[in-house]
Amino acid sequence: MNLHRFLTLLSLLLTLCTSPTYAFQSRPVGESVRVKLDWQPVKETKLPNEERFYNQYFNGAFLDNDLLPFHQEMFVLPAGAGGLSARLNIIRVETVSDLRGIQDLAAISTEFQLETATVTQKKKNYGAVKVHPFRRTTTGNYERLVEFELSTTATPAVSSAKNARMMRRSSVFASGNWYRVAVVNNGVYRLSYSYLKSIGMDADNIDPRHIRVYGNGGGQLPYLNAATQYDDPEENAIYVAGETDGRFDGSDYVLFYGSSQTRWKYDSVTKQFQHANNQYCDTTYYFLTTDLGAGKRITQRNSSTVQPQVNVTSFNDYAFHETDQYNLLKSGREWYGERMDNINTSRSFSFSFPNHSSSDTVFLRASLLGRATNSTNHNSNSFTIKINGATLTAQGFADVGSSAQDNYAVPVTINKPIIGAGTSIEVTVFFSSTDPNAQGWINFLELTTRCGLSISGRSSQFHFRDINSAGIGT
């Protein structure tokens, strides 16, 4: 963001801060509250430099960090309560016909979001509930709450003694010699005699029964301090071959499970898996020591004698491509990958799904970004996706302006099924625009499908999961 835009937004915030405020009405927890939002036409604010700002608005609204309106209710907490939980009962919604003022449409959730917090004022505890009134539908439209009911219940306070037990008095790193191991993929890792020597460990003079591995796996830490998280690395159960003689010989080795920084989560709305990268790190670290006594080992478990309820012969498979190369505003957490323009008009990516049947649909989710400021018309900017040379879909995007509120570029999200795809899939993204200075970026490509449950055509180890066989009683 340049200085001009910074000063413009500062002026805007000062203007909005002069708007009328509304007093909170506190209610007891447990009382149901019925709310009707009085939506107004999109509000236009004229700034001192003649630029205009638009925002969605209803009477009594408060603005969040993205300058979107939200509704808030306050509840008096009873003695002994540590907070409250809230449930939303939707009574009436309507389609949002004018999307001006919603800067990041892709960030709108598929469900109406609730936030709860505890506030202390004049030695009284209150529970605050924020209702974010926008959601994105599975068809790509946007809806807003018009009428709803809130119900709340108090949650017990967590004793300080319990909190104290959760925090360690000192770290495991406080003593001993430590060695760091880096991993980037999910899987079982083998630490050989020569490897331990290469990282500086005196493998000839250690007791292998004392080898310990610590680490909390991959995935990004939560932004909320109140969210559950480890305050120190946890010890992992490992397997050490040849440890019973108390010597680490040349043929001995350590096996442990390491996880990547990418996490996959199942979306119950789209019924597909979606990936989430760690925005700050692409490597997971584990730590070794032999100075803390006997370590935790993997225990042997007998095979189950229970008759299986489901025979699984196929599983949910997925793959993605995402690289972080460009931060377009030199600020924030959003990074984009491969860049395209009217000279470099295409990018191709290959995916492999061994044991995939052409009768199983492949689902493509693509996140792209386009920027054009001077095209002949808004229909002349587009991304086209081809699968193995055949056109799957084309989607246009509009020009962006140069005012303080205008986006730098336009996000384009594509969700399309690929019918009849084989085991090898080449995805090619084409970019075109009549603006000679237009540019496009690939945020990520994500493919999900089902494959036969066989190791044939794969590496010596792979992960599998099956949503179809999951359910109550199974």
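Per the working numbering, the sequence shown starts with residue 7, numbered consecutively.
Built from N, CA and C at the ideal position, the CB exists for glycine as well.
- Taking 8 Å as the cut-off, the Cβ atoms of L375 and N449 count as close.
- In this structure, F140 is the residue among A134, F140 and D255 with its C-alpha nearest to the C-alpha of D110.
- By the neighbour-count criterion, in which 16 or more other beta carbons inside 10 Å mark a residue as buried, T268 falls on the buried side.
- Residues I424, A427, L453 and T455 of the same chain have their beta carbon placed closer than 6 Å to that of V368, with the five preceding and five following residues left out of the count.
- A distance of 8 Å or more separates the beta carbons of E100 and E155.
- For G402, the closest of L370, S430, Y414 and F437 by C-alpha to C-alpha distance is F437.
- Contact between the segment 239 to 246 and the segment 293 to 303 is established, with three or more Cβ pairs separated by less than 8 Å.
- Secondary structure of I108 (DSSP, three-state): coil.
- A contact is defined here as three or more CB-CB pairs under 8 Å, and the segment 300 to 318 meets this definition with respect to the segment 215 to 226.
- Assigned with DSSP and collapsed to three states, R464 falls in coil, not helix or strand.
- Under the three-state reduction of DSSP, S475 is assigned to helix.
- By alpha-carbon distance to K392, the top candidate from V416, T351, T382 and N380 is T351.
- Rounded to the nearest angstrom, the Cβ distance from T122 to A134 is 7 Å, consistent with a contact under 8 Å.
- Membership of K203 in the alpha helix (DSSP H) is indicated by the continuous run Y199 to S204.
- Taking a cut-off of 8 Å for Cβ pairs, the segment 64 to 72 and the segment 174 to 193 do not touch, as fewer than three such pairs fall below it.
- Burial of I108 is indicated by the presence of at least 16 other C-beta atoms within 10 angstroms of its C-beta.
- Here the alpha carbon of S356 sits roughly 7 Å from the alpha carbon of S430.
- CA-CA distance, T289 to Q226, rounds to 11 Å.
- Excluding residues up to 5 positions away in sequence, V316 and V318 lie with their Cβ nearer than 7 Å to the Cβ of S475 in the same chain.
- Shown here, H469 sits in coil according to DSSP, grouped into three states, outside any helix or strand.
- Residues S352, S354 and K392 of the same chain have their beta carbon placed closer than 6 Å to that of T434, with the five preceding and five following residues left out of the count.
- Nearest in C-alpha terms to D347, of all of R339, S388 and F321, is S388.
- The Cβ atoms of L459 and S310 do not sit closer than 8 Å to each other.
- DSSP places G133 inside the beta strand (DSSP E), whose first and last residues are K130 to H138.
- Inter-residue distance for K52 and P228 is about 38 Å (C-alpha atoms, whole angstroms).
- Using a Cβ distance threshold of 8 Å, G343 and D330 count as a contacting pair.
- Out of D72, V82, D44 and E50, the CA that lies nearest to the CA of E37 is found in V82.
- Residues of the same chain with a CB within less than 8 Å of the CB of V35, apart from the 5 flanking positions on each side, are F81, V82, L83, P84, A87, L90, G133, T158, T159 and A160 in chain order.
- Between T276 and T144, the CB-CB gap stays under 8 Å.
- Here Y292 is bridged, per DSSP, to V187.
- Per DSSP, reduced to three states, the secondary structure at D347 is strand.
- Beyond the five residues adjoining it in sequence on each side, V41 comes within less than 8 Å, by CB distance, of H77, E79, V137, E153, F154, E155 and L156 in the same chain, given in chain order.
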